[in-house]
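Below is one structure, written out as C-alpha cells; the observations come after it.
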Amino acid sequence: MKYFVILFVFCIDLSSQFITKDNKEIMQLGYEGINYIYKVKPDKAKEIFKELIKKYPDHPFGYFGLAMSKWADFEYFEEESSPKDYEEYHNLSKNAIEVGEKWVLKNPQDANAWMCLGGVYGLLARLYVTQHKWLKAYFTGRRAIKNMKKALEIDPHLYDAYLGLGLWEYSAGTLPSVIKILASLLIHGDASKGMEYLRLCALKGYFCKIAAKLLLVEIYTQTDSRYANPVEGVKISRELVGLYPNLSQMQFILIVSLYEAKMYDEAEKEMLLYLKNIDDKVESYYPKYYPRIYTSLGTLYMVKGDYDKSLFYFTKAYEYIKYEEHPSRWAVWACARIGNIYDLKGMRDKAIEFYRKALEYEDLWGFSSYIEQYIKKPFNLSMYLSKQLPPP
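Right, here's the structure in full:
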C-alpha cells in the first residue's frame, strides 16, 4: 500500500510543475523579444521582457531576455568595447542565473527552463571568448552544457538546446592548444558534431533558428579554419538579408561572407552601400559603425594591393576614436592596421609607432598578442589571420 501512496504523491508533484512549452503566452512573448534582438532593437526587446517579468516574476525567461538585451547593446551598439556594459551584463546574468536555479529546483521537468539557464551561462562564455579569456570561457561553458544536456534529457525534441550544445562542441574542439589539453582531461569537444547540432537548430529551432544561422555564418567565414565555407556563408547571409531587409547587422554579415569568399567586387559594392547608408542616416545604420566599415574597406584595399587607399580608410577609422565615449575595437584595430600598411610599404619606424599607439589602449579584446608579434617581426600578408576582415 505504501508504494501506491508514494506513486500518488510523485504524480501529484509532477502534475503541479510548470512546463514552459505549454504556456503559449510565455513562448510567444519570448519569441517576440528575441526577434527584436535580431532586428537590433534591444530597447523594444527590453519592453517585452519586462512585461514577461511583470506577468511571471518567478520565471527565468524575462530575466534571461534582459541579459540578452544588454548583450545586444554591448555587441551591436558598443562594438564589444564598453566596460560599463560588461559590468551591467554580468549583473543581469547573475540575477537570471539565480532566478533560473530557483525555478528548476521547483520545476525540475521544465526543459525550457533548463535550456534558459544553460543559455545564460553560454552567453557569458561567449563574452569571455570575445575577450580571449579562454579559461573562463571553458569553465563557464561547462556549466552551460550541463544545463543544455539536462534540457535535452527531458525533451530530446527541444531543438533550440542544440544551439548551446553545438557551440560548446565546436568551441571545445577548436580552442587554443593549451585549453584543448585541459578539455581533453574533462570533456571532449567534437567540432564536427557541433556543426551538426548547429545545423539541426538552424533547421528546426523555434527561438534560436536565426541565432544558429548567424553562428554558422561566423564559423563559415573564419579565416584559415578547416570548417571555413564562405560560399555557404554567402548563401545563408543572403537568406538573412531577405528576412531582415535594410538591417545593418545582416548586411554586414553578408559583407564579411563576400569578402571571405574572395568575391571582392561584390564585397566592395556592399561596403560602399553600407557607408552611404550611414551617411544618409538610414535606420539601424548608426554613426558608431563608421570605424567598422572604414576598417573593412581598408582591409579590402590592403588585400587588393592598393596601400594608399587602404591607409586612407584605416586612418579615418582610427581618427573616429575622438568621437567615441570609449575606444571601439574596430578603431583600435585600425590603428594596428595602419602599422601593417607601413610595414608593407617598408616604413618600419612608422609601423612600430602605430603598433605602440594601439597598445596604449586598454586591451578588452586580446589584440596585444598580435600587435606584439608585429613589433617583433614586420607584418606581411602570409602571417596568421593577416587578411581576416574582422578584428581577431
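According to the numbering used here, the sequence shown is numbered sequentially starting from 54. In this text, a Cβ means the ideal position worked out from N, Cα and C, and glycines have one as well. Here the structure is a predicted model, which means the values were calculated and not measured.
Span of the alpha helix (DSSP H) holding Asn282?
For Asn282, no alpha helix (DSSP H) segment is defined, and its DSSP state is neither H nor E.
What ranges does the alpha helix (DSSP H) occupy inside the segment 275 to 342, keeping only unbroken runs of at least 4 residues that lie completely in it?
Taken in chain order, the complete alpha helix (DSSP H) segments of 4 or more residues contained in the segment 275 to 342 are 283 to 296, 301 to 313, 317 to 332.
Here's the rule I'm using: 16 or more other beta-carbon atoms within 10 Å means buried, otherwise exposed. How should Gln70 be labelled?
Burial call: exposed.
Test item: CB-CB of Lys203 and Gly171 under 9 Å
With contacts defined as CB atoms closer than 9 Å, Lys203 and Gly171 qualify as a contacting pair.
My parser needs the alpha helix (DSSP H) runs of 4 or more residues fully inside the segment 361 to 436; what are they?
Within the segment 361 to 436, the complete alpha helix (DSSP H) runs of at least 4 residues fall at 382 to 397, 401 to 412, 421 to 429.
Which residue comes first and which comes last in the alpha helix (DSSP H) that contains Cys261?
Looking at the DSSP string, Cys261 is not in any alpha helix (DSSP H), and its letter there is neither H nor E.
Exposure label - His112; buried when at least 16 CB within 10 Å:
Buried is the call here.
Contact between the segment 373 to 392 and the segment 424 to 432 is defined here as three or more beta-carbon pairs at a separation below 8 Å; is this criterion met?
Segments in contact, yes.
Taking C-alpha atoms, which residue in Lys266, Asn299, Thr276, Leu311 lies nearest to Ile289?
Comparing Cα positions, the closest option is Lys266.
Using alpha carbons as the reference points, say which of Lys403, Tyr423, Asp402 lies closest to Leu412.
Looking at Lys403, Tyr423, Asp402, the one whose alpha-carbon comes closest to that of Leu412 is Tyr423.
When you compare only the Cα positions, how much space is there between Glu406 and Met355?
The C-alpha of Met355 is placed about 19 Å away from the C-alpha of Glu406.
Per DSSP, what kind of secondary structure is Val93 in: helix, strand or coil?
Of the three classes helix, strand and coil, the one that applies to Val93 here is coil, per DSSP.
Are Gln302 and Ser349 closer than 9 Å when you measure CB to CB?
No, they are not a contact pair.
Is it buried or exposed for Val284, if we count other Cβ within 10 angstroms and need 16 for buried?
Val284 comes out exposed.
Given this structure, state the Cα-to-Cα distance separating Pro443 from Met168, to the nearest angstrom.
Answer to the nearest angstrom: the Cα atoms are 30 Å apart.
On the criterion of 16 or more Cβ atoms from any shown chain inside 10 Å, does Arg179 qualify as buried, or is it exposed?
Buried, because 16 or more other Cβ atoms sit within 10 Å of the Cβ of Arg179.
Whose C-beta lies closer than 6 Å to the C-beta of Trp221 among residues of the same chain, with five residues either side of it excluded?
Around Trp221: Gly194, Ile198.
Quick check: Gln304 and Asn330, are their CB atoms within less than 9 Å of each other?
The Cβ atoms of Gln304 and Asn330 sit closer than 9 Å to each other.
Tell me the rounded alpha-carbon separation between His379 and Asn160.
Straight-line Cα distance between these residues: approximately 43 Å.
The ligand MG and Gly295: does the residue's C-beta get closer than 8 Å to at least one heavy atom of that ligand?
The ligand MG is not part of this structure, which contains no ligands at all.
With distances taken Cα to Cα, identify the nearest neighbour of Asp361 among Arg345, Val335, Asp396.
Of the residues Arg345, Val335, Asp396, the one whose Cα lies closest to the Cα of Asp361 is Asp396.
Beta-carbon proximity list for Tyr250, same chain, < 6 Å, skipping 5 on both sides:
For Tyr250, where only same-chain residues beyond five positions count, the Cβ hits under 6 Å are Tyr215, Leu218, Gly219.
Contact check, Ile90 vs Ala125, beta carbons under 9 Å:
The Cβ atoms of Ile90 and Ala125 sit closer than 9 Å to each other.
Cutoff 8 Å; reference Ile234; Cβ partners in own chain excluding five residues on either side
Low per-residue confidence applies at Ile234: pLDDT is 47, beneath 50, and the placement is therefore not dependable enough to give any value.
Between which residues of its own chain and Phe432 is the CB-CB distance below 8 Å, once the five residues before and five after are set aside?
Answer for Phe432: Gly392, Asn393, Asp396, Leu397, Ala404, Ser439, listed in chain order.
Going by CA-CA distance only, name the one from Tyr109, Glu100, Asn144, Phe130 that's closest to Ala120.
By alpha-carbon distance to Ala120, the top candidate from Tyr109, Glu100, Asn144, Phe130 is Asn144.
Rounding to the nearest angstrom, what Cα-Cα distance links Asn76 and Asp163 in this structure?
When only Cα atoms are considered, Asn76 and Asp163 end up about 11 Å apart.
When the distance is taken between beta carbons, is Tyr366 closer than 9 Å to Gly351?
Yes, these two residues count as a Cβ contact at 9 Å.
Applying the criterion that 16 or more other CB atoms from any shown protein chain within 10 Å of the CB defines a buried residue, is Met400 buried or exposed?
Classification for Met400: exposed.
Contact defined as beta carbons within less than 8 Å: I believe Ser310 pairs with Pro344. What is the distance between those atoms, to the nearest angstrom?
Cβ-Cβ separation between Ser310 and Pro344: approximately 20 Å, too far for a contact (criterion under 8 Å).
Can you tell me whether DSSP reads Asn148 as helix, strand or coil?
In the structure shown, the three-state DSSP call for Asn148 is helix.
Assuming Val173 contacts Ala166 (C-beta within less than 8 Å), just tell me the rounded distance between them.
Contact doesn't hold; Cβ gap of about 11 Å is too wide.
Return the CA-CA distance between Ala82 and Tyr116, expressed in angstroms with no decimal places.
According to the sequence displayed, residue 82 carries Leu and not Ala. Looking at the backbone, the Cα of Leu82 and that of Tyr116 are separated by about 13 Å.
In angstroms, rounded to a whole number, what distance separates the CA positions of Arg196 and Val182?
A straight-line Cα-Cα distance of about 15 Å links Arg196 and Val182.
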